[in-house]
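Written below as C-alpha cells is the structure these notes are about.
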Amino acid sequence: MYPCDSTNVIQYNFYFSKKTLRIIELKGNRTIFVSFDDTLIIDVNVLSWRSIGGWKPNSIVNITNNACSNVKKILGNVWNTLFKSFLVFNTK
63 MYPCDSTNVI QYNFYFSKKT LRIIELKGNR TIFVSFDDTL IIDVNVLSWR
113 SIGGWKPNSI VNITNNACSN VKKILGNVWN TLFKSFLVFN TK
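Count along the sequence shown from 1, then add 62; that gives the number in the numbering used here.
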C-alpha cells in the first residue's frame with residue numbers, strides 16, 4: 063500500500079511485514095486531521111498481484127458514505143474496545 067500524494071485530511075503509511083512463512087502482518091500508522099464522523103466518505107480501491115505476474119487493478123472497490131457509522135457497524139463490539147484503548151470516550 064502507498065499513500066496518494068495529496069493534501070488529504072487523512073494521511074497513512076501502511077506496509078506488509080512477513081513474520082513467518084504463513085504470517086504476514088499489516089503495519090503502519092495513520093493520522094486524521096479532522097473529526098472522524100459521518101461527513102467523511104470511505105473510498106477504497108485495492109490492487110492484487112496476478113498469478114501470471116503484474117498488478118490487477120480494481121480487485122476490491124468500495125465507496126461508503128457515513129464513514130463513522132458504517133465502520134462502527136462493521137467493527138461491532140471491537141469499536142468500543144479500540145476507542146477505550148486509545149482513551150477516546152465520546153464515540154457517539
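Yeah, the Cβ is synthetic: ideal placement off N, Cα and C, and Gly gets one too.
- As for any alpha helix (DSSP H) of minimum length 4 sitting wholly inside the segment 88-141, the runs are 129-137, ordered along the chain.
- Selection Q73, K89, Y74, I72 evaluated against K80 yields K89 as nearest (Cα-Cα).
- F145 carries a helical assignment under DSSP once its states are collapsed to helix, strand and coil.
- By the neighbour-count definition (other C-beta atoms within 10 Å, threshold 16), L102 is a buried residue.
- Secondary structure at K80: strand, using DSSP grouped into helix, strand and coil.
- Closest in alpha carbon position to D105, among N120, T143, N139, is N120.
- Here DSSP, grouped into helix, strand and coil, assigns I85 to coil.
- For V123, the CB contacts under 6 Å within the same chain, skipping 5 residues up- and downstream, are N107 in chain order.
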